[in-house]
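> Before we start, here is the structure in question, set down as structure tokens.
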Amino acid sequence: MIGMAGMGPAPKPNARRRNATVAMVELPVAGRGGEPPAWPLLADIALSTQRDSAQRLADDLELALQEPNLKGRARTTAQRKADAARQEAAILTARLAAQERVEGELWIQLWALPQAVEWERAGWTREVAQYVRWKARAEQGDLDASKEARQLADRLGLSPLAMLRLRWRVAADEDESSARPRRRPAASGRRPDDPRAALHVVE
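If you use this note's numbering, the sequence shown corresponds to residues 1 to 203, in order.
Now the structure itself:
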């Protein structure tokens, strides 16, 4: 489990007055500028090893099929195993390529977020990379990876509640605020200088 400073339970109602004295960290609404850090993790060794093993098995079986004495049921069995090994190797190769593509896209997107300013300040480069890896696996249907990704997302402040726990908030966009039309009071149907406004019914 990865420990990160600043994490803890969500503020309880009884602690709101005490928490009110703790300053919130203002994150820039425009996000983090510049290029993302260099990718810090190695290739997915487990998936690469599975792919390489399947490919070696397919190659060995293909070589065995070249034997002229391999006939009948033994040849049929070897052919079936070779076909299955080739298919497994192809699937794992496609998974690796898809995972690397998703990892690259997520890495760029995440380091442009407002939260990335604090990640960089705290040196959480590897933690973000680990989240990216789990998330990429989760998008391929890995349920265990999905659980890990959710836990890391909370630690990285990737949800409103997680940001509250970290005492982070995105600063208001001054340009956007000033551009909003001011709300006008409801019209009464009379001009301000209408003398009838001062009249009232006497019974």
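Backbone N, C-alpha and C fix where the C-beta goes; we use that ideal spot for every residue, glycine too.
1. Measure the alpha-carbon distance for Q99 versus L47 and round it to whole angstroms.
2. Where DSSP assigns a beta bridge to L27, which residues make up the other side?
3. Can you give me the Cβ contacts of L65 inside the same chain, cut-off strictly under 8 angstroms, excluding the 5 residues immediately before and after it?
4. Please report how far the alpha carbon of L110 lies from the alpha carbon of R86, in whole angstroms.
5. What is the rounded straight-line gap between the Cα of P28 and the Cα of G141?
6. Helix, strand or coil for R51 per DSSP?
7. Express the C-alpha separation of I45 and R121 in angstroms, rounding to a whole number.
8. Using the beta-carbon count (16 or more within 10 Å), is V117 buried or exposed?
9. Taking just the CA atoms, how far does A30 sit from Q38?
10. Looking at W168: is its Cβ nearer than 7 angstroms to the Cβ of V25?
11. Apply the 10 Å Cβ neighbour rule to R51 and answer buried if 16 or more other Cβ atoms are within range, or exposed otherwise.
12. Following the continuous alpha helix (DSSP H) through S146, name the residue where it begins and the one where it ends.
13. Given this structure, state the Cα-to-Cα distance separating G72 from A54, to the nearest angstrom.
14. Please report the distance separating the alpha-carbon of L70 from that of E105.
15. For the alpha helix (DSSP H) that contains A43, what are its first and last residues?
16. Assuming A145 contacts A153 under a Cβ cut-off of 8 angstroms, what Cβ separation, rounded to an integer in Å, is found between them?
17. Could you check the C-alpha separation between Q130 and L41 for me, to the nearest Å?
18. Quick one, which of A58, R150, W119 has its alpha-carbon nearest A89's?
19. Under a three-way DSSP split, which group does R80 fall into?
In short, the structure shows the following:
1. Indexing the sequence shown from 1 puts residue 99 at position 99. Indexing the sequence shown from 1 puts residue 47 at position 47. L47 has its alpha-carbon roughly 10 angstroms from the corresponding atom of Q99.
2. Stepping through the sequence shown from its first residue, residue 27 is reached at position 27. L27 is bridged to V170.
3. Here residue 65 refers to the residue found at position 65 of the sequence shown. For L65, where only same-chain residues beyond five positions count, the Cβ hits under 8 angstroms are R75, A78, Q79, A82.
4. Translated into positions along the sequence shown, residue 110 becomes position 110. Translated into positions along the sequence shown, residue 86 becomes position 86. Approximately 36 angstroms between the Cα atoms of the pair.
5. The residue labelled residue 28 in the question sits at position 28 within the sequence shown. The residue labelled residue 141 in the question sits at position 141 within the sequence shown. Between P28 and G141, the C-alpha separation is close to 34 angstroms.
6. Counting from 1 along the sequence shown, the entry for residue 51 is found at position 51. In the three-state DSSP reduction, R51 falls in the helix class (H, G or I).
7. Numbered from 1 along the sequence shown, position 121 holds the residue referred to as residue 121. Numbered from 1 along the sequence shown, position 45 holds the residue referred to as residue 45. If you take the alpha carbons of R121 and I45, they lie about 29 angstroms apart.
8. For the purposes of this step, residue 117 is identified with residue 117 of the sequence shown, where counting begins at 1. Buried, since its Cβ has 16 or more Cβ neighbours within 10 Å.
9. Taking the first residue of the sequence shown as 1, we reach residue 38 at position 38. Taking the first residue of the sequence shown as 1, we reach residue 30 at position 30. It is worth fixing the name first, because residue 38 is Ala in this sequence and not Gln. The straight-line gap from Cα to Cα measures roughly 21 angstroms.
10. By one-based count along the sequence shown, residue 168 stands at place 168. By one-based count along the sequence shown, residue 25 stands at place 25. Contact flag set, yes.
11. In the sequence shown, the residue the question calls residue 51 occupies position 51. Its Cβ being crowded by 16 or more others within 10 Å, R51 is buried.
12. In the sequence shown, counting from the first residue as 1, residue 146 sits at position 146. Looking at the DSSP string, the run of the alpha helix (DSSP H) that includes S146 is 143 to 155.
13. The residue you call residue 72 lines up with position 72 of the sequence shown. The residue you call residue 54 lines up with position 54 of the sequence shown. Approximately 24 angstroms between the Cα atoms of the pair.
14. Residue numbering aside, residue 70 sits at position 70 when the sequence shown is read from its first letter. Residue numbering aside, residue 105 sits at position 105 when the sequence shown is read from its first letter. Taking the straight line joining both Cα atoms gives about 48 angstroms.
15. Position 43 of the sequence shown, counting from 1, holds the residue named residue 43. A43 -> no alpha helix (DSSP H), and no H or E assigned at all.
16. Reading the sequence shown from its first residue, position 145 is the one you call residue 145. Reading the sequence shown from its first residue, position 153 is the one you call residue 153. Contact doesn't hold; Cβ gap of about 12 angstroms is too wide.
17. Residue 130 sits at position 130 when you count from the first residue of the sequence shown. Residue 41 sits at position 41 when you count from the first residue of the sequence shown. So the alpha carbons of these two residues sit roughly 8 angstroms apart.
18. Counted from its first residue, the sequence shown places residue 89 at position 89. Among A58, R150, W119, the Cα nearest to that of A89 is on A58.
19. Against the sequence shown, residue 80 aligns to sequence position 80. R80 falls in the helix class under three-state DSSP.
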